[in-house]
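Read in order, the letters of the sequence shown are residues 41 to 285 in my numbering.
Yeah, the Cβ is synthetic: ideal placement off N, Cα and C, and Gly gets one too.
The structure presented is a predicted model; accordingly, all values stated were derived computationally and were not measured.
What follows is a short report on a single structure.
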Amino acid sequence: MLSLKSKPFIILSGISGTGKTKIAQLVAEYYAQLPQPPISVRERPVDTNTTFHVPIHDTTLSSGQLQPLLQQYDYFNPANQNAGRVITVQVTNILGAQGDLSVQVNNRSMVAGAGDAYLSLTLPSTLRRALIENGVETSDYLAFEVVDEFKRFNVSLMRPEYHDVDEPPEHRYAFVSVRPEWRDHTGLLGYWDADRKQYQRTSLLEIMLRAQRSYDHSLSRGAVPAPFFAILDEMNLSRIEHYFS
């Protein structure tokens, strides 16, 4: 424990079966149960049968591209569209802008209902300019309300509010099974999915991001940051000197 106080990293070594992993888990669970200052979390929009919320990304503001989530595809009826076909839906009155939204089915595997195909949405230029001029951020959403199924939507801007909540104890530690392919970082930190245009996260990356948010939030309030733990198990499967480099 003194080692962790002075440097936030420790290696437990010993022969197999001596309880190294269990010790690490118990330490992490103990500290995760201690009272900590609340964290600020963003409101999560909820989709319904007639409304859905598509996140705004950097590419939305730079090139007008919008990527719906997989579970939102049915709102655009892609299964009944030919691959490569561009369909047009009407956008009504968002930030004073109107125009047509282009929806493209990118390949046949989407039509067949198989594979990792995706839809791409292209915003009208008037809407993209309106988003930029109104200071829209990548933490915001476009809320679509179905007016005429598959054809016309009312679109509004949704800016989620932030609320203070208690971090669940199990969110403060992660168990990571070390893999022998130490040259490949994707097992630890995830990868960019080019088809879906989104980053696929791992449990290690998730806890690193939560720890950073908690740290920043605590400093802004003058509080002591809460400890987070990543337990790397079976380190003997990797070349340690390369793994940590």
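Per the C-alpha coordinates, the member of ARG82, LEU44, LEU249 and SER53 positioned closest to MET198 is ARG82. GLN240 carries a strand assignment under DSSP once its states are collapsed to helix, strand and coil.
Per DSSP, the unbroken alpha helix (DSSP H) holding VAL67 starts and ends at 60–73. One thing to note: TYR213 has its Cβ within 7 angstroms of the Cβ of PHE269.
Per DSSP, GLU185 is one residue of the beta strand (DSSP E) stretching across 181–188.
Put simply, the stretch 51–69 does not touch the stretch 175–194. Fewer than three CB pairs are less than 8 angstroms apart. In the DSSP annotation of this structure, the continuous segment of the alpha helix (DSSP H) that includes ASP98 starts and ends at 98–103.
According to the DSSP secondary-structure assignment, HIS93 is paired through a beta bridge with ALA183. Rounded to whole angstroms, the separation of the alpha carbons of PRO85 and TYR202 is 12 angstroms. When C-alpha distances from ASN117 are compared across PRO220, ALA251, GLU189 and ALA234, the shortest belongs to GLU189.
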